[in-house]
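Numbering (the working numbering), first residue to last: 3 to 384.
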């Protein structure tokens, strides 16, 4: 074992079943679990995979399912959740404690059935059940490809598409009262940004700022030299001009414009990391970091993917490890899971990483493990 930050590692398949290859899904994580919601794979429709799966036979080519990956056990399990929504691609998915929030999204054909419903699911319940949040007020239009976040008492939604029209409106839902409010309607003139979908957000909530990264329309994607920023207190947009990486010659040191990429941000952190995506006919495998305080871009060459990837999903664990699951490569969809440390974790976490690498826990009895391991790490194996 050798600790290597900022380098992707393929997570080898453990025993048991893994989710099938997919795109358009979303993943979220806590310190020991990754949850994967939904997804899409038209290539699986004609195969004999899942012929014994009644849910798949009814929902294909969409995956009406919720999976849980135990990081310490290297084990995927399909969660026996009830009332899973039928909108399963390009949703906004957030994990708040033990509660999963799923908003928006689409079924197939894309745009044929969109959603402006917020679903919540208590993952600790005996039978995790998706429940509709009853709302009132000025709800956003039903769309997919929205970006969302929770701040204080509100659930915020920015942008999205019906499949034909593209928005960059800002709405918020008061989580206690269930009332929607229009926070800002896009005027269609600068500095208000053009409508888009599949964009990503960077949050500077101590400054009431929300950065919007990339995204696009069916025929166009947006760049990263100038970043739209929304002020939550003033209810208005502005544009910040970022600084390119002086070590990079191409594109003046900026990431090329893209959509269908992924972005992660450490909780409360001021750095965001984007990976992969699609730029017109060019598929991307690069990774970049932006410091939202200095506005400096840095290309992280060691964090380049082996093959280009887009429509994938990513999440950052509280310990600082990036996970990327699924997506589309050159020729097909994948169910590969990759990980990379984005920071130096605690020595405890580094030791646990080494224990997982050598699979020591597979060789010892539960009683022995209980004697040797701190309770918080033993709990990760339950």
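C-beta: ideal position from N, C-alpha, C; glycine also.
Check: Is residue 210 close to the ligand SAM? I mean its beta-carbon at under 8 Å from any heavy atom of the ligand.; Outcome: The model depicted lacks the ligand SAM and carries no ligand whatsoever.
Check: Quick one: using the 10 Å Cβ neighbour count with 16 as the cut-off for buried, is residue 189 buried or exposed?; Outcome: exposed
Check: In the structure shown, what three-state DSSP assignment does residue 46 receive?; Outcome: helix
Check: When you compare only the Cα positions, how much space is there between residue 295 and residue 242?; Outcome: 11 Å
Check: So if DSSP puts residue 173 in a beta bridge, which residue, or which two residues, is it bridged to?; Outcome: 159 and 184
Check: Report yes if the CB atom of residue 382 is closer than 9 Å to the CB atom of residue 138, and no otherwise.; Outcome: no
Check: Let me know if residue 262 comes out buried or exposed under the rule of 16 or more other beta-carbons within 10 Å of its beta-carbon.; Outcome: buried
Check: Could you check what DSSP says for residue 294 in three-state terms: helix, strand or coil?; Outcome: coil
Check: Using the three-state DSSP reduction, which class does residue 125 fall into: helix, strand or coil?; Outcome: coil
Check: How many Å lie between residue 277 and residue 329 at the Cα?; Outcome: 12 Å
Check: For residue 162, count the other beta carbons within 10 Å of its own beta carbon; 16 or more makes it buried, fewer makes it exposed. Which is it?; Outcome: buried
Check: Can you give me the C-alpha to C-alpha distance between residue 287 and residue 248, rounded to a whole angstrom?; Outcome: 20 Å
Check: Are the Cβ atoms of residue 96 and residue 90 separated by less than 9 Å?; Outcome: no
Check: With a threshold of 7 Å on Cβ separation, who are the neighbours of residue 322 within its own chain once the five nearest residues in sequence on each side are excluded?; Outcome: 268, 343, 344, 345 and 347
Check: Hey, could you find the ends of the alpha helix (DSSP H) residue 359 is sitting in?; Outcome: 349-360
Check: Quick one: complete beta strand (DSSP E) runs, 3+ long, within the segment 263-314?; Outcome: 264-267, 273-281, 284-293 and 298-301
Check: Would you mind working out which of 354, 30, 106 and 335 sits nearest residue 45, comparing C-alpha positions?; Outcome: 335
Check: Would residue 42 pass as a contact of residue 113 if the rule is Cβ separation under 9 Å?; Outcome: no
Check: Span of the alpha helix (DSSP H) holding residue 377?; Outcome: 377-382
Check: With residue 136 as the anchor, note down where its alpha helix (DSSP H) starts and where it stops.; Outcome: Looking at the DSSP string, residue 136 is not in any alpha helix (DSSP H), and its letter there is neither H nor E.
Check: Kindly confirm or deny that the segment 175-195 and the segment 122-139 touch, where touching means at least three C-beta pairs closer than 8 Å.; Outcome: yes
Check: Distance check for residue 331 and residue 311, CA to CA, integer angstroms please.; Outcome: 5 Å
Check: Going along the chain, which residues of its own chain have a beta-carbon closer than 7 Å to the beta-carbon of residue 271, five neighbours each way excluded?; Outcome: none
Check: Given a cut-off of 9 Å, decide if residue 200 and residue 225 are closer than it, judged by their beta-carbon atoms.; Outcome: no
Check: I'd like to know whether the C-beta atoms of residue 212 and residue 234 end up nearer to each other than 9 Å.; Outcome: yes
Check: Helix, strand or coil for residue 72 per DSSP?; Outcome: strand
Check: Do you know offhand how far residue 363's Cα is from residue 319's?; Outcome: 21 Å
Check: By the three-class DSSP mapping on this structure, what secondary structure does residue 35 have?; Outcome: strand
Check: Around the C-beta of residue 385, are 16 or more other C-beta atoms found within 10 angstroms, so that it is buried, or is it exposed?; Outcome: Because the chain is modelled from 3 through 384, residue 385 falls outside the range shown and cannot be assessed.
Check: How about the segment 30-39 and the segment 362-376: do they share at least three Cβ pairs that are nearer than 8 Å?; Outcome: no
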